[in-house]
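One structure is given below, encoded as structure tokens.
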Amino acid sequence: FARARARARLAMGKKAATAPAPSSAASAPAAPAKVEAAKVEVAKAKGKASKKVVATEVKPGLLSYLRPKSRWIFFPVFAAVCAWIIALNDQCDIKGKKKDCGYSGITPNACKTHACFLKGGKGYEKRTVKVTLEQGAALGLSLSRRDGAVVVSSILEGSVSLHNAAASTSEDVILAGDGITRVAIDGKVATNLADIEKAVNRPGAGKAVEIDVLRSRLPSFLQWVHNKGGTPNMVEKLLSSPGTLHFASVWSRVGGVGFATWYISGYSPASLPLYATLSAAVAWELSRCCHDESVGAGVPHCFRSKRDELPKVVQKAWAQTSDKLAQVRKDPRSYARWLFLPTAITL
Numbered sequence: 089f090a091r092a093r094a095r096a097r098l099a100m101g102k103k104a105a106t107a108p109a110p111s112s113a114a115s116a117p118a119a120p121a122k123v124e125a126a127k128v129e130v131a132k133a134k135g136k137a138s139k140k141v142v143a144t145e146v147k148p149g150l151l152s153y154l155r156p157k158s159r160w161i162f163f164p165v166f167a168a169v170c171a172w173i174i175a176l177n178d179q180c181d182i183k184g185k186k187k188d189c190g191y192s193g194i195t196p197n198a199c200k201t202h203a204c205f206l207k208g209g210k211g212y213e214k215r216t217v218k219v220t221l222e223q224g225a226a227l228g229l230s231l232s233r234r235d236g237a238v239v240v241s242s243i244l245e246g247s248v249s250l251h252n253a254a255a256s257t258s259e260d261v262i263l264a265g266d267g268i269t270r271v272a273i274d275g276k277v278a279t280n281l282a283d284i285e286k287a288v289n290r291p292g293a294g295k296a297v298e299i300d301v302l303r304s305r306l307p308s309f310l311q312w313v314h315n316k317g318g319t320p321n322m323v324e325k326l327l328s329s330p331g332t333l334h335f336a337s338v339w340s341r342v343g344g345v346g347f348a349t350w351y352i353s354g355y356s357p358a359s360l361p362l363y364a365t366l367s368a369a370v371a372w373e374l375s376r377c378c379h380d381e382s383v384g385a386g387v388p389h390c391f392r393s394k395r396d397e398l399p400k401v402v403q404k405a406w407a408q409t410s411d412k413l414a415q416v417r418k419d420p421r422s423y424a425r426w427l428f429l430p431t432a433i434t435l
């Protein structure tokens with residue numbers, strides 16, 4: 089019996105040794121579920137990231153609601169118009185007497201660049217205003233002293249306020265901030281502060297008063313640059329010269345057209361300096377002085393240009409363009425030969 093039991097145990101051990109081992113797939117049935125869950129999480133993360141990117145790309149800017157899409161054609165058109173005005177400009181074709189714009193020995197470059205922006209520049213302009221005293225009323229000026237000069241502090245009720253209300257132009261009025269250098273009434277002339285104060289406070293009836301007024305040609309926020317010594321400095325001349333004033337007038341008009349062109353072009357403000365530079369080039373060409381070495385004796389070499397207003401310049405350029413187009417239509421073959429066929433060169 090003991091031998092039979094030992095043989096049965098030995099047989100069972102052999103069967104266990106020869107049985108196949110269980111597979112790894114069977115031992116880990118939860119692995120595919122974990123992989124699928126990880127894939128889902130990655131897909132969700134990608135979806136959120138793509139939504140953020142789309143949101144940042146689609147979100148419009150502040151000006152996109154009011155401006156069209158970017159179109160490159162507007163800047164070349166504006167540049168072509170500026171070049172057309174400069175090319176057909178005849179500002180130096182002066183008929184008659186020429187106004188001197190330079191000094192003895194001035195060079196052509198100095199004449200054409202900065203002479204026009206300094207000639208005629210004055211810190212103050214002097215004018216004489218005639219005021220009639222009303223019955224029983226004084227001039228009505230409050231005066232003070234500033235930097236050694238008599239200055240109008242304010243306009244009170246009196247003959248001056250009535251005169252200003254009836255004046256037809258701004259050049260014939262007296263304003264606060266104007267300097268007073270002379271007051272003449274009843275044959276008496278007052279030039280210092282004490283005498284001028286007596287004259288402006290003296291009532292009269294029907295008497296004519298002459299008042300010499302000094303008015304700054306600079307805006308109020310730039311009047312601090314005035315030379316207290318009386319002689320205008322370089323900055324005063326530059327800011328108040330007729331050439332600078334004409335330059336500013338033309339630049340503002342051409343620059344306004346340039347700003348409108350930039351706006352409808354749809355480009356960013358980074359392109360605005362290009363429009364401003366072209367506008368300044370047109371303004372400088374229409375404001376600069378002219379230089380001619382071949383003039384006779386007594387005629388200035390450096391002289392002031394016409395300085396026509398911008399609408400007049402455009403009209404002249406359009407007239408020249410129309411005349412040239414009419415000539416081309418009359419004989420197109422000759423202009424085609426001149427444009428495309430080389431001409432013979434004689435030595």
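For the sequence shown, the positions run 89 to 435 when the numbering used here is used. Backbone N, C-alpha and C define an ideal beta-carbon position, used for all residues, glycine too.
Neighbourhood of residue i by C-beta distance below 6 Å, restricted to the same chain and skipping five residues each side
i      : result
Asn252 : Val261
Cys378 : Cys180, Phe391 and Ser393
Pro388 : Lys186 and Asp188
Gly267 : Ala237, Val239 and Leu302
Cys199 : Gly190, Cys377, His379 and Cys390
Lys214 : Leu302
Ala287 : Val271, Ile273 and Ala278
Leu327 : Leu306
Tyr30  : The structure shown does not extend to residue 30, since the chain is modelled only from 89 through 435, so no value can be given for it.
Length of the line joining the Cα atoms of residue i and residue j
i      : j      : result
Tyr191 : Lys183 : 21 Å
Ser422 : Ile161 : 32 Å
Asn289 : Gly246 : 10 Å
Leu249 : Pro307 : Contrary to the premise, residue 249 reads as Ser rather than Leu in this sequence. Whole-angstrom Cα-Cα distance: 23 Å.
Lys276 : Thr220 : 15 Å
Arg233 : Ser340 : 37 Å
Val165 : Thr349 : 9 Å
Arg417 : Ile174 : 24 Å
Ala226 : Pro291 : 4 Å
Gly384 : Asn197 : 20 Å
Thr216 : Ser353 : 51 Å
Gly224 : Glu324 : 42 Å
Phe309 : Glu259 : 21 Å
Pro330 : Asp380 : 21 Å
Val345 : Glu222 : 49 Å
Pro420 : Ala168 : 24 Å
Ile284 : Trp372 : 44 Å
Cys204 : Ser359 : 29 Å
Lys157 : Val338 : 30 Å
Trp406 : Leu413 : 10 Å
Ile243 : Gly265 : 10 Å
Leu281 : Thr332 : 34 Å
His254 : Ser356 : Looking at the sequence shown, residue 254 is not His but Ala. The alpha-carbon atoms of Ala254 and Ser356 are separated by roughly 49 Å.
Pro320 : His334 : 20 Å
Val271 : Gly209 : 26 Å
Ile194 : Ile273 : 47 Å
Leu263 : Thr269 : 14 Å
Ala424 : Ser256 : 58 Å
Ile299 : Gly386 : 38 Å
Range covered by the alpha helix (DSSP H) that runs through residue i
i      : result
Ala352 : Residue identity differs from the one stated: residue 352 is Ile in this sequence, not Ala. Here the alpha helix (DSSP H) through Ile352 covers Pro330 to Ser353.
Pro201 : The identity of residue 201 in the sequence shown is Thr, whereas the question assumes Pro. Segment Pro196 to Thr201, the alpha helix (DSSP H) holding Thr201.
Ser422 : Pro420 to Phe428
Phe205 : Here Phe205 belongs to no alpha helix (DSSP H), and DSSP marks it neither H nor E.
Pro164 : Phe162 to Ala175
Other residues of its chain near residue i: CB distance less than 8 Å, five sequence neighbours each side excluded
i      : result
Cys170 : Val342, Leu366, Ser367, Ala369 and Val370
Thr201 : Arg376
Residue range of the beta strand (DSSP E) that includes residue i
i      : result
Cys390 : Cys390 to Arg392
Cys378 : Cys377 to His379
Residue i, buried or exposed, once every other Cβ within 10 Å from all chains shown has been counted against 16
i      : result
Ser375 : buried
Phe428 : exposed
Asn461 : The requested residue 461 does not occur in the structure, where the chain is confined to residues 89 to 435.
Lys400 : exposed
Ser230 : exposed
Phe347 : exposed
Lys207 : buried
Leu398 : buried
Gly228 : buried
Arg395 : buried
Opposing strand residues paired with residue i [DSSP bridges]
i      : result
Arg395 : Beta-bridge pairing links Arg395 to no other residue.
Val271 : Ala278 and Ile299
Ser304 : Tyr212
Ile243 : Leu229
Arg234 : Ala237
Val217 : Ile299
Asp188 : Phe391
Cβ-based neighbour list, residue i, same chain, cut-off 7 Å, excluding 5 preceding and 5 following
i      : result
Ala296 : Lys218 and Thr220
Arg159 : Ser353 and Gly354
Lys408 : In the sequence as presented, Lys is not what sits at residue 408; that position holds Gln. Same-chain partners within the cutoff: Leu176.
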